[in-house]
Amino acid sequence: MLRTTALAGALGVCLATGVAFAQAEPDNAIKYRQTIYETLGANLTAVVMNLKGEVSFPDAVGVHARTVADTAPLVLPAMEQDTAGRGSAETEALDKIWDNWDDFTAKAEDMQAAAVRLAELAQGDDMQAIGAQVQELGGTCKSCHDEYRD
Ligand code: HEC
């Protein structure tokens with residue numbers, strides 16, 4: 004019991020709220036969340052390049068779409084740590100994210116749902132539908148960036 008408590012303390016686990024949430028160094032928290040967003044961006048770009056015919060890797064479209072859908076749920080946990088005014092890593096995240104967490108969460112969940120739908124469609128070969136869903140998903144990225152990214 005003592006050992007568990009000490010470990011929880013060392014990890015900064017927030018037992019009071021029942022949420023297992025380890026605080027990282029602010030700069031590491033910032034860099035980590037940016038890698039999550041970069042993964043989303045890179046894989047969405049890869050889908051779009053294929054749809055536009057700039058490259059032709061039809062078998063890869065489903066993999067990229069699934070990667071976006073698999074990565075989407077990592078956004079909220081990675082964003083949970085409030086870094087407003089902390090650390091020195093460059094960040095475009097606006098401080099108001101953590102004052103408007105419910106709205107930020109809703110936007111992340113909209114993105115997640117759109118990504119799951121894209122991954123489903125990308126199992127098939129209806130390029131029209133896939134393209135439309137890429138637009139839909141892109142809209143959910145933009146709606147969060149407009150509000151919460153500098
Ligand atoms: C719920 C809000 C939210 C959603 C949804 C969202 N983003 Fe972002 N995104 C952010 C924030 C905030 C940052 C700034 C992070 C930072 O600099 O610390 C960011 C940054 C980025 C970056 C730059 C990362 C870097 O290295 O600085 C890319 C690329 C990106 N997002 C792509 C996407 C894509 C693609 C989607 C949709 C599939 C998406 N984002 C959806 C909030 C969001």
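Heads up: the sequence shown is residues 4 to 153, going by the numbering used here.
All C-beta atoms, glycine included, are put in the ideal place defined by N, C-alpha and C.
Taking contact to mean 3 or more Cβ pairs, one atom from each stretch, closer than 8 angstroms, check whether the segment 74 to 82 and the segment 36 to 46 are in contact. In the pairwise beta carbon analysis, the segment 74 to 82 is classified as touching the segment 36 to 46: at least three pairs are separated by under 8 angstroms.
Could you say which of Ala117, Glu112, Ser146, Ala109 lies nearest to isoleucine 133 if we only look at CA atoms? Nearest of Ala117, Glu112, Ser146, Ala109 to isoleucine 133, Cα basis: Ala117.
Looking at the structure shown, is alanine 96 part of a helix, part of a strand, or coil, going by DSSP? It is a strand residue.
Taking the alpha helix (DSSP H) that arginine 152 falls in, what are its first and last residues? Arginine 152 -> no alpha helix (DSSP H), and no H or E assigned at all.
Do you know how far the Cα of alanine 32 is from the Cα of methionine 130? Cα atoms of methionine 130 and alanine 32: separation of roughly 37 angstroms, rounded to the nearest angstrom.
Whether or not the segment 111 to 125 and the segment 60 to 69 are in contact is what I'm after, with contact meaning three or more pairs of Cβ atoms, one per stretch, closer than 8 angstroms; do they touch? The segment 60 to 69 vs the segment 111 to 125: in contact.
Per-residue burial, lysine 55 [other beta carbons within 10 Å of its own, 16 or more giving buried]: Burial check for lysine 55: the Cβ neighbour count within 10 Å stays below 16, so the residue is exposed.
Look at alanine 63 and alanine 72 and say whether their C-beta atoms are less than 9 angstroms apart. No, they are not a contact pair.
How many angstroms separate the CA atom of phenylalanine 107 from the CA atom of isoleucine 100? Between phenylalanine 107 and isoleucine 100, the alpha-carbon positions lie close to 6 angstroms from each other.
Distance, Cα to Cα, threonine 94 vs valine 119? Annotation: threonine 94 to valine 119 spans about 27 angstroms, alpha carbon to alpha carbon.
Among Val51, Tyr151, Val78, Ala45, which residue has its Cα nearest to the Cα of glutamate 112? Ranked by how close their Cα comes to the Cα of glutamate 112, the residues Val51, Tyr151, Val78, Ala45 have Val78 in first place.
Going straight from the alpha carbon of alanine 45 to that of valine 137, what length do you get? Those two C-alpha atoms are separated by around 13 angstroms.
Using CA atoms only, rank isn't needed, just tell me which of Asp153, Thr74, Asp30, Pro76 is closest to threonine 86. Threonine 86 has its Cα closest to that of Asp30, out of Asp153, Thr74, Asp30, Pro76.
Taking the continuous alpha helix (DSSP H) assigned at asparagine 31, which residues delimit it? 29 to 54 is the extent of the alpha helix (DSSP H) around asparagine 31.
Take leucine 121 and list the residues in its own chain whose beta-carbon comes closer than 6 angstroms to its own, dropping the five residues that flank it on each side. In the same chain as leucine 121, and ignoring 5 residues on each side of it, the C-beta atoms closer than 6 angstroms to its own belong to Ala68, Gln136, Leu140, in chain order.
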